[in-house]
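Data first, discussion second: the structure below is written as structure tokens.
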Amino acid sequence: VLDGITMLTEFDEFAYHEMIVHVPLLTHPNPARVLIIGGGDGGTVREVLKHPEVEKVHVCELDREVVRACRQYLPSLASSFDDPKVEIFYEDGAKFVEKNPSTYDIIIVDSTDPIGPGQILFQRKFYEDMKKSLKPDGIVVTQCECLFLHKHVIGAVASFAKEIYPITKYYLTNVPTYPSGLIGFMFCSNKYNPLKDFSLERAQKLPNLRYYTPALHRASFVLPKFGEEIIQSA
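In terms of this note's numbering, the numbers along the sequence shown are unbroken and rise by one, the last being 931.
So this is what it looks like as structure tokens:
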């Protein structure tokens, strides 16, 4: 719980973390360098480390106390921070990408909602700065709210993301803990299409999965009609 809002539970966190990670990492042919903005619980890092192609994981977490608390109370997630591939930076993620150009194959934004400190992570400039921080064929995936509850936020992000990235798509996962049980991600790519370029061979080798499958990878991009209209009209 952060600021009175439930962020995750051990009951269903795997549905969120597996989908925010494996969709982009299996779409990129060589995700060697990964940046995670937020993700102080360690679940996203845990899933990233399942990919043998990954050489370095940078975690940019604003609040040192989040990591400390998760190490104490959620060791099944936070123990991933101890891997030698992982380096944690306690900084503002928006400022971090500004000073690291052309560095990452993948950027994953595992953020809170667009209120308070998290608001800047849903703005156009941040998406522009992330593109500069990517290598030429890089991929960004961001936590992007619920179709039922935040259609204006999603529409706004989709609108400017389409202008910045050649390939922009929205996909879903089910997390019962969150309001409505549904949450989505914005997929932004300079080159690779998540429906055409993802590696089935690598997907079949991933260990210890509870939610992600190749079939679900494809299906997650199928939106209800009103969701399609939000993205297409953006």
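Quick reminder that beta carbons are idealized off the backbone N, C-alpha and C, glycines included.
Inter-residue Cα distance where the pair is residue i and residue j
i             : j              : result
serine 776    : glycine 739    : 7 Å
leucine 892   : methionine 883 : 14 Å
arginine 821  : leucine 774    : 31 Å
alanine 712   : proline 721    : 15 Å
aspartate 780 : glutamate 752  : 11 Å
valine 731    : serine 930     : 31 Å
arginine 915  : alanine 791    : 30 Å
lysine 902    : glutamate 860  : 35 Å
glutamate 788 : tyrosine 801   : 17 Å
glutamate 758 : tyrosine 909   : 25 Å
glycine 924   : lysine 848     : 8 Å
aspartate 810 : isoleucine 817 : 10 Å
Residue i, DSSP secondary structure in three states
i              : result
glutamine 816  : helix
histidine 755  : strand
methionine 716 : helix
glutamate 663  : Residue coverage of the chain in this structure runs from 698 to 931, which leaves residue 663 outside it and unanswerable.
Short Cβ contact (8 Å threshold) for residue i with residue j
i              : j                 : result
serine 917     : leucine 869       : yes
valine 745     : phenylalanine 778 : no
tyrosine 824   : phenylalanine 793 : no
proline 873    : aspartate 760     : no
leucine 846    : serine 808        : no
proline 833    : asparagine 890    : no
threonine 865  : cysteine 841      : no
isoleucine 812 : isoleucine 734    : no
leucine 844    : glycine 815       : no
Heavy atom of the ligand NAD within 7 Å of residue i beta-carbon
i           : result
glycine 881 : In the structure on display, the ligand NAD does not appear, and there are no ligands present to speak of.
Supposed contact pair residue j and residue i - C-beta distance, whole angstroms, cut 8 Å
i              : j            : result
asparagine 871 : serine 830   : Not a contact, Cβ separation roughly 30 Å.
glutamate 715  : arginine 907 : 7 Å
**Asked** Of all the alpha helix (DSSP H) runs that stay within the bounds of the stretch 803-877, which reach a length of 4 or more residues?
**Response** Unbroken alpha helix (DSSP H) stretches of 4 residues or longer found wholly inside the stretch 803-877: 821-830 and 848-861, given in chain order.
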